[in-house]
């Protein structure tokens, strides 16, 4: 497959050239601002986003509780309800790490998928990968210790930022992990004392990724392997 001119989003770069050509006229560069709402619960989805740098959190809320069910970065796209032939989702999607990307109107995506069976298949496969991630999140949030869950989350965030420094507050992490802020602080301190991370002033620096992988206790890796399987398999035309 020929190299794509849209290479900073892995999903777009993976598409067949003909399918990417269908999307390109509708794609516009956008800044992704911290806490920016990309989708609101039970509201019509107007645009879908393909992050190139930074990432968004998908969060389930049942007042007063909330918990993250997945991350979307340069490996994928928002608007999976649109891909699955719906117009809205009960989940909340917002930018957790600022960056930039591309967006297109949801109606244009629906039309493009109707006009290209191969594009529709490719985007549904991407949606499958996110559902795998959400499924693992349910298992891990219910069965793993906080320290292990935090290690997994930091690894996933680092994957999407392609760097060692993450701009994250304890309060934000507590929402993402569904625990009290004090618990997040204790878990971060444990990792810092072991020389795995350094944290302070709203930032977390990953110092030892292999050690972080060990702390995750195999909670990280399943959805990541499914993504790599997606991007390495030959596409059906």
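Residue numbers (the numbering used here): 155 to 391.
A virtual CB, placed ideally from N, CA and C, is assigned to each residue, including glycine.
Computed from a prediction, not measured in an experiment: that's the story for all the values here.
From the options, residue whose alpha carbon lies closest to that of residue i
{"i": "residue 209", "options": "197, 189, 219, 340", "result": "189"}
{"i": "residue 194", "options": "301, 299, 233", "result": "233"}
{"i": "residue 216", "options": "178, 186, 332", "result": "332"}
{"i": "residue 300", "options": "338, 308, 309, 211", "result": "338"}
{"i": "residue 342", "options": "314, 317, 303", "result": "303"}
{"i": "residue 349", "options": "265, 325, 369", "result": "369"}
{"i": "residue 177", "options": "227, 373, 265", "result": "265"}
{"i": "residue 323", "options": "314, 334, 317, 236", "result": "334"}
{"i": "residue 238", "options": "202, 314, 213", "result": "202"}
{"i": "residue 329", "options": "381, 275, 307, 313", "result": "307"}
{"i": "residue 312", "options": "168, 346, 226", "result": "226"}
{"i": "residue 298", "options": "163, 372, 325", "result": "372"}
{"i": "residue 376", "options": "191, 310, 180, 168", "result": "310"}
{"i": "residue 197", "options": "181, 367, 381, 260", "result": "260"}
{"i": "residue 236", "options": "252, 200, 174", "result": "200"}
{"i": "residue 173", "options": "315, 250, 277", "result": "277"}
{"i": "residue 434", "options": "288, 319, 340", "result": "Outside the displayed span of the chain (155 to 391) sits residue 434, for which this structure offers no information."}
{"i": "residue 363", "options": "305, 229, 214", "result": "305"}
{"i": "residue 168", "options": "184, 204, 179", "result": "204"}
{"i": "residue 241", "options": "181, 263, 164", "result": "263"}
{"i": "residue 180", "options": "211, 186, 354, 166", "result": "166"}
{"i": "residue 384", "options": "314, 229, 317, 186", "result": "229"}
{"i": "residue 365", "options": "345, 327, 220, 296", "result": "345"}
{"i": "residue 250", "options": "192, 285, 219, 296", "result": "192"}
First and last residue of the uninterrupted alpha helix (DSSP H) at residue i
{"i": "residue 275", "result": "271-297"}
{"i": "residue 206", "result": "That residue, residue 206, is in no alpha helix (DSSP H); its beta strand (DSSP E) goes 201-216."}
{"i": "residue 166", "result": "164-168"}
{"i": "residue 316", "result": "Careful: residue 316 lies outside any alpha helix (DSSP H) and carries neither H nor E."}
Beta bridge counterpart(s) of residue i as assigned by DSSP
{"i": "residue 231", "result": "According to DSSP, which records beta bridges pairwise, residue 231 is partnered with nothing at all."}
{"i": "residue 375", "result": "In the DSSP output, where bridge partners are listed per residue, residue 375 has none listed."}
{"i": "residue 321", "result": "357"}
{"i": "residue 370", "result": "Residue 370 is not bridged to any residue."}
{"i": "residue 220", "result": "215"}
{"i": "residue 225", "result": "211"}
{"i": "residue 257", "result": "182, 203"}
{"i": "residue 251", "result": "209"}
Residue i: first and last residue of the uninterrupted beta strand (DSSP E) it sits in
{"i": "residue 338", "result": "Segment 335-347 is the alpha helix (DSSP H) holding residue 338; no beta strand (DSSP E) there."}
{"i": "residue 242", "result": "Careful: residue 242 lies outside any beta strand (DSSP E) and carries neither H nor E."}
{"i": "residue 350", "result": "First-last for residue 350: undefined, no H or E at that position."}
Any C-beta of chain D under 8 Å from that of residue i
{"i": "residue 214", "result": "No chain D appears in the structure shown, which is made up of a single protein chain."}
Answer yes if the segment 262-272 comes into contact with the segment 348-363, meaning at least three C-beta pairs across the two stretches below 8 Å, and no otherwise. no
Using a Cβ distance threshold of 8 Å, determine whether the segment 251-258 contacts the segment 271-291, with at least three qualifying pairs required. no
Taking 8 Å as the threshold, find out whether the segment 233-251 comes into contact with the segment 289-307 through three or more Cβ pairs. no
Could you tell me which whole beta strand (DSSP E) segments of length 3 or greater appear in the segment 167-200? 182-186, 191-193
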